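For reference, the structure is listed below as structure tokens.
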Amino acid sequence: MGIQQNSDPHWTINAEINKNYALCDTYPDILVLPSSFDISRLQRVADFRSRNRIPVLSWYSRETYATITRSSQPLTGLANRTCEDDIELLRKIADANVNQGFKLVILDARPKVNAMANMANGGGYEDYPNCELEFHNIQNIHVMRERKLHAAVRNAAHEDKTWLSDLENSNWLFHIRAVLTAAIRLVSLVHNEKRSVLVHCSDGWDRTAQ
């Protein structure tokens, strides 16, 4: 992660808020959060994020102070609900980057149509004044299973003549291109532009990890 206790006054390593996984059972028990954010507001942020996966620090640059944080989608729903505590947490994440003046960039790994469809099930995406939102066209794990890449690989041992066409028909390379495009964009933001980025998809453990 690149950060230690007291190594940056803008970030705090918290071993209490998720002790025994009380806040989020799919996160580690130690979380790194902006020092200036009021921890008493964190439960409301968790209630506003799918599976309580709040925005937390995943990577920190000692050279540029830019960060990568990770979360799940906000639960805006069709009513476009908002949460002032969530907005404030993202503001504090942006402010923790000493290269002041930049908005936090949110890289939503989903296609925009998927994010909009999730609103019908209570999910959604951010529309915050202190953030810039970008969608990337990475499909979920269920779509990946249907790409039939395994079948193409198995057939390659016996049908070398159809290997390339089988690979093309699996659409696997389109997926790889989408992942690489998002990764290159992320690196450019944090390294070249010194900007902090929040990455998420729906639950924040599928496309986000890619």
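In terms of my numbering, the sequence shown is numbered consecutively and its last residue is 394.
From the three backbone atoms N, C-alpha and C, an ideal C-beta is built for every residue, glycine too.
Quick caveat, the model's predicted, so the values are computed rather than measured.
#1: Give the C-beta separation of isoleucine 238 and cysteine 267 to the nearest angstrom, bearing in mind that I take them to be a contact with Cβ-Cβ under 8 angstroms.
#2: Report the residue from Gly307, Ser349 and Glu272 whose alpha carbon sits nearest the alpha carbon of serine 224.
#3: Based on the DSSP output, what are the partners of threonine 142 in its beta bridges?
#4: Starting from serine 365, trace the alpha helix (DSSP H) in both directions and tell me its first and last residue.
#5: Pull up the CB-CB distance for asparagine 281 and tyrosine 312, whole angstroms please, since I reckon it's below 8 angstroms.
#6: Taking one C-beta from the segment 365–384 and one from the segment 241–258 each time, how about it: are there three or more such pairs within less than 8 angstroms?
#7: Below 8 angstroms CB to CB, which residues in the same chain sit around glycine 307 once its five sequence neighbours on both sides are set aside?
#8: To the nearest angstrom, how far is it from the Cα of histidine 384 to the Cα of leucine 348?
#9: Mark tyrosine 205 as exposed unless 16 or more other C-beta atoms lie within 10 angstroms of its C-beta, in which case mark it buried.
#10: Output the distance between the C-alpha atoms of asparagine 314 and leucine 274, rounded to the nearest integer angstrom.
#11: Just how far apart, CA to CA, sit isoleucine 360 and valine 240?
#12: What residue does the beta strand (DSSP E) around leucine 317 start on, and which one ends it?
#13: Are there 16 or more other CB atoms within 10 angstroms of the CB of aspartate 344, so buried, or fewer, so exposed?
#14: Can you name the start and end residues of the alpha helix (DSSP H) that asparagine 204 belongs to?
#15: Alanine 304: buried (16+ other C-beta within 10 angstroms of its C-beta) or exposed?
#16: Between Leu291, Thr210 and Glu310, which has its C-alpha nearest phenylalanine 319's C-alpha?
#17: I need the straight-line Cα distance from isoleucine 368 to isoleucine 252, nearest angstrom please.
#18: Please classify phenylalanine 221 as buried or exposed, where buried requires at least 16 neighbouring CB atoms within 10 angstroms.
#19: Quick one, are the C-beta atoms of proline 218 and tryptophan 195 less than 8 angstroms apart?
#20: How would you label aspartate 270, buried or exposed, when you count the other beta carbons within 10 angstroms and need 16 or more for buried?
#21: Taking only three categories from DSSP, how would you classify aspartate 231?
In short, the structure shows the following:
#1: Within the sequence shown, numbered from 1, the residue matching residue 238 stands at position 54. Within the sequence shown, numbered from 1, the residue matching residue 267 stands at position 83. With 8 angstroms as the limit, isoleucine 238 and cysteine 267 do not qualify as a contact, their Cβ atoms being about 11 angstroms apart.
#2: Within the sequence shown, the letter at position 40 stands for residue 224. Looking only at Gly307, Ser349 and Glu272, the smallest Cα-Cα distance to serine 224 is reached by Glu272.
#3: Because the chain spans 185 through 394 in this model, residue 142 falls outside it and cannot be assessed.
#4: The residue given as residue 365 occupies position 181 in the sequence shown. Reading off the sequence, residue 365 comes out as threonine, not serine. Per DSSP, threonine 365 is one residue of the alpha helix (DSSP H) stretching across 356–371.
#5: Start at 1 with the first residue of the sequence shown, and residue 281 comes out as number 97. Start at 1 with the first residue of the sequence shown, and residue 312 comes out as number 128. Not confirmed; about 16 angstroms, so no contact.
#6: yes
#7: Numbered from 1 along the sequence shown, position 123 holds the residue referred to as residue 307. Excluding its 5 nearest sequence neighbours in each direction, glycine 307 has C-beta neighbours in its own chain below 8 angstroms: Ser234, Gln257, Pro258, Leu259, Thr260, Gly261, Ala299 and Ser386, listed in chain order.
#8: For this step, residue 384 is matched to residue 200 along the sequence shown. For this step, residue 348 is matched to residue 164 along the sequence shown. So the alpha carbons of these two residues sit roughly 33 angstroms apart.
#9: What you label residue 205 is simply residue 21 of the sequence shown in a count that begins at 1. Exposed.
#10: To locate residue 314, count along the sequence shown from 1; it is residue 130. To locate residue 274, count along the sequence shown from 1; it is residue 90. Cα to Cα, asparagine 314 sits roughly 8 angstroms from leucine 274.
#11: Residue 360 sits at position 176 when you count from the first residue of the sequence shown. Residue 240 sits at position 56 when you count from the first residue of the sequence shown. Approximately 26 angstroms, taken between the alpha carbons.
#12: Position 133 of the sequence shown holds residue 317. Segment 315–319, the beta strand (DSSP E) holding leucine 317.
#13: As a first step, residue 344 is located in the sequence shown; it is residue number 160 there, counting from the start. Aspartate 344 should be labelled exposed.
#14: On the sequence shown, position 20 is the one that residue 204 refers to. Element bounds for asparagine 204: n/a, residue is neither H nor E.
#15: Here residue 304 corresponds to residue number 120 of the sequence shown, with the count starting at 1. Exposed, by the Cβ-count rule.
#16: Here the question's residue 319 lines up with position 135 in the sequence shown. Among Leu291, Thr210 and Glu310, the Cα nearest to that of phenylalanine 319 is on Leu291.
#17: Here residue 368 refers to the residue found at position 184 when the sequence shown is read from its first residue. Here residue 252 refers to the residue found at position 68 when the sequence shown is read from its first residue. Taking the straight line joining both Cα atoms gives about 14 angstroms.
#18: If you number the sequence shown from 1, residue 221 lands on position 37. Phenylalanine 221 comes out buried.
#19: Here residue 218 is taken as the residue at index 34 of the sequence shown, counted from 1. Here residue 195 is taken as the residue at index 11 of the sequence shown, counted from 1. With respect to tryptophan 195, proline 218 sits close: the two C-beta atoms are nearer than 8 angstroms.
#20: Residue numbering aside, residue 270 sits at position 86 when the sequence shown is read from its first letter. Looking at its Cβ environment, which holds 16 or more other Cβ atoms inside 10 Å, aspartate 270 is buried.
#21: The residue given as residue 231 occupies position 47 in the sequence shown. DSSP places aspartate 231 in helix when its eight states are reduced to three.
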